[in-house]
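Enquirer: Count along the sequence shown starting at 1, add 1389, and that's the number in the working numbering.
Here a beta-carbon is modelled for each residue, glycine too, at the ideal position from N, C-alpha and C.
In this text, all values refer to a predicted model and were calculated from it rather than measured experimentally.
Questions regarding the structure given below will be posed in turn.
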Amino acid sequence: MIAATSKRYRLITELVAFWIIRLSAGLVVLTLGGIVLFLLYRGAGAVNWAFLTESPTDAMTRGGIFPAIIGTLYLTIGSSLIALPLGVASAIYLSEYAGDGWTLRLIRLGIQNLAGVPSVVFGLYGLALFVVFFGFGVSILAGSLTLGFLVLPTIIGASEEAIRQVPATFREASLALGATKFQTICRVVLPSATPGVITGSILGVGRAAGETAPIMFTAATFYTRHMPSSPFDQVMALPYHIYVLATSGTHIDQTRPLQYGTVLVLISLVLGINIFAIIIRTRMRRKKTW
């Protein structure tokens, strides 16, 4: 009797827990769907070919957002070129070379704390270090470096986790065949961990594409019709352009459709990056045989 009651209690508890998880997941999906539908309703009318390919005109109350799109792509690619090598190299060191001691724990604590630092702090850090101290000025280079350090903890964490999931037998077999530790990492560990590394890296890049505070101090300009010709040029960027249209424009109500249209383009860009990461991970996992 007691055993039957206990079993029934466990089943009820499990059922309630599953429903709570399902409702939580459904709430997240509904929230995201509601945001996307709202943006489509308010901003889809503003998005057309001219909006995507022209520069702003008439005090940014008309025209398009092409310079902001290009600036966002430059900053995203630049931050990737900076953060990916540093992040993967750091993950290799932490998972393959660093000993299990207080130094490793201190480094991991620093990385975790760095991941929780507000983005505006990174912006002020980039302003003081890259813009002023190194003399890069407000430029693509300064913004890319700032965004690179912003997403670095995400890339390190994802890469380290992917490397740790590679079975130890792979390493042992490679070393037993006479390969050095460095050769084992390059030819065995990294190829096996590539899906996880790429996924985490692309997700970090997606975060960089949507940040406003770091670039408003280091890279973004209020308005320009010219495309950047060097890493030391200022650029328009979608997140900062949205901020300008919504708070600093002279005709805020008149630009409301442009605001929602720009937000829709930015959300589409970030979602596209995340979907791309999922597709890459899925295909690489299908090709990989353990």
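In whole angstroms, give me the CA-to-CA distance for serine 1629 and threonine 1601.
Expert: Checking the sequence shown, residue 1629 turns out to be tyrosine, not serine. Each residue's alpha carbon lies about 6 Å from the other.
Enquirer: Whose C-beta lies closer than 6 Å to the C-beta of threonine 1535 among residues of the same chain, with five residues either side of it excluded?
Expert: Phe1511, Gly1515, Pro1603 and Thr1607.
Enquirer: Does the segment 1543-1559 come within contact of the segment 1473-1488, defined as at least 3 CB pairs closer than 8 Å?
Expert: Yes: at least three Cβ pairs fall under 8 Å.
Enquirer: So, aspartate 1622 versus isoleucine 1471, is the Cβ gap smaller than 9 Å?
Expert: No.
Enquirer: Please report the distance separating the alpha-carbon of isoleucine 1500 from that of tryptophan 1491.
Expert: Cα to Cα, isoleucine 1500 sits roughly 14 Å from tryptophan 1491.
Enquirer: Tell whether a beta-carbon distance below 9 Å holds between tyrosine 1649 and valine 1633.
Expert: It is not a contact, given that the beta carbons lie outside the stated cut-off.
Enquirer: Can you give me the start and stop residues for the alpha helix (DSSP H) that arginine 1576 sits inside?
Expert: Unbroken run through arginine 1576: none, as it is neither H nor E.
Enquirer: Check each candidate in Ile1587, Pro1620 and Met1673 and name the one with the smallest Cα separation from valine 1520.
Expert: Taking only the C-alpha atoms, the option nearest valine 1520 is Pro1620.
Enquirer: Counting along the chain, where does the alpha helix (DSSP H) carrying glutamine 1501 start and finish?
Expert: Run containing glutamine 1501: 1491-1504, per the alpha helix (DSSP H) assignment.
Enquirer: Determine the burial state of alanine 1598: buried for a count of at least 16 other Cβ atoms within 10 Å of its Cβ, exposed for fewer.
Expert: Under this definition alanine 1598 is a buried residue.
Enquirer: Alpha carbon to alpha carbon, how far is isoleucine 1401 from tryptophan 1679? Give it in angstroms, no decimals.
Expert: Only weak support exists for where tryptophan 1679 lies, its pLDDT of 47 falling under 50; the coordinates are left without a value.
Enquirer: In the structure shown, what three-state DSSP assignment does threonine 1446 receive?
Expert: Here threonine 1446 sits in strand by DSSP.
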